[in-house]
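Written out below as structure tokens is the structure these notes cover.
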Amino acid sequence: MANIHNGYQGVFDNHIRCGKKAALVIVDFIEAYADPASPFYSREVVEASRALLPLLNCARSVGLPIVWTRVEYAHPEAADGGVFVEKVPALKNLRRGAFHAQTMSHLEQRSAEHEVIKKFPSAFFATNLASLLTSLNCDTVLVAGCTTSGCVRATVLDALQYGFRPFVVEECVGDRSAEAHRVNLSDLQSKYAEVVSVATAMELIMSAHVKNRGVDHGHPILNAHVKESL
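Positions in the sequence shown are counted from 1; adding 1245 to them yields the working numbering.
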């Protein structure tokens, strides 16, 4: 993915190597984005969720840790969302037990997989996600979900700030705005993460499974991806 500004060259064009163990973190693929009657509905997000299916099946086949994160409010007026709900009142539709707050049914979230409930854009803010990933010995996160410019971006930035190695799976993130999607992916690649294809992510998962964690200074599949983009 090209940098959004030529001025980034030599400053914001380095790369992150993959670590020893990854988890798949899925951000806000909930029914609110799949139901045409919902104010959050987005065809682009639905397409991204369907692009996740092969990666999800791949991760499940080798026992990769999978973490589902979604917004859900306990208060009847979503007061636990604070100023975020004041800014986006439609978030009140995501109260506990609401259909729109549930994971998209076609993704078939499993009870044995991990779930993190959040109140704000980042899946790390005021949640146990960082400690969960640490307890699973994961140092790398493959990030899918929505929206690219909102909760995905916030989660990726916090992943980096907590010391995890963030990899955004390009086809598996979505946004209502094509421009916001494009610009944010480019900016994330430039400064905060690696943006990789779903094929590369699947190769990473399978190769790591066969090689039992890869090598100390990065995974060979991802290292090859990085070298090609230099």
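Note that beta-carbon positions come from the ideal geometry of N, C-alpha and C, so glycine has one too.
Check: Rounded distance between the beta-carbons of Ala-1293 and Val-1443, thought under 8 Å; Outcome: Not a contact, Cβ separation roughly 10 Å.
Check: Neighbour-count burial assignment, Asn-1259, 16 or more Cβ in a 10 Å radius; Outcome: exposed
Check: Segment limits, beta strand (DSSP E) that includes Val-1312; Outcome: 1311-1316
Check: Beta strand (DSSP E) segment containing Pro-1411, residue limits; Outcome: 1410-1419
Check: Among Leu-1301, Leu-1381 and Val-1272, nearest to Ile-1450 - alpha-carbon criterion; Outcome: Leu-1301
Check: Within-9 Å CB hit, Glu-1358 to chain B; Outcome: Among the chains of the structure shown, chain B does not appear; only one protein chain is present.
Check: Through-space distance from Cys-1396 to Pro-1281, alpha-carbon basis; Outcome: 21 Å
Check: Buried or exposed by the 16-neighbour rule on C-beta atoms within 10 Å, applied to Arg-1288; Outcome: exposed
Check: Assigned exposure category for Lys-1364 - 16 Cβ within 10 Å defines buried; Outcome: buried
Check: Paired residues, beta bridge with Glu-1439 - DSSP; Outcome: Phe-1412
Check: Whole beta strand (DSSP E) elements within the stretch 1336-1417, 3-residue minimum; Outcome: 1359-1363 and 1385-1391
Check: Segment limits, alpha helix (DSSP H) that includes Ala-1304; Outcome: 1288-1306
Check: 9 Å Cβ cutoff met for Leu-1378 and Val-1386; Outcome: yes
Check: Stretch-stretch touch, CB-based, cutoff 8 Å, three pairs: the stretch 1433-1447 with the stretch 1402-1414; Outcome: yes
Check: Pick from Val-1401, His-1426 and Leu-1402 that is closest to Thr-1393, judged by C-alpha positions; Outcome: His-1426
Check: Cut-off 8 Å between Cβ atoms - residues of its own chain near Asn-1373, not counting five sequence neighbours on either side; Outcome: Val-1361
Check: Environment of Ser-1435 [buried if 16+ CB atoms lie within 10 Å]; Outcome: buried
Check: Exposure label - Gln-1254; buried when at least 16 CB within 10 Å; Outcome: exposed
Check: Check whether Ala-1268 and Ile-1311 have beta carbons under 9 Å apart; Outcome: yes
Check: Leu-1433 to Ala-1399 span [Cα, whole Å]; Outcome: 10 Å
Check: Residue of Leu-1298, Ser-1452, Arg-1305 and Ala-1335 minimising C-alpha distance to Ser-1356; Outcome: Arg-1305
Check: Segment limits, alpha helix (DSSP H) that includes Val-1235; Outcome: In the structure as shown, the chain starts at 1246 and stops at 1475, and residue 1235 therefore has no counterpart that could be examined.
Check: Cβ-based burial, Asn-1429 [other Cβ within 10 Å; buried from 16]; Outcome: buried
Check: Outcome for Ala-1453 when other beta-carbon atoms lying within 10 angstroms are tallied against a minimum of 16; Outcome: buried
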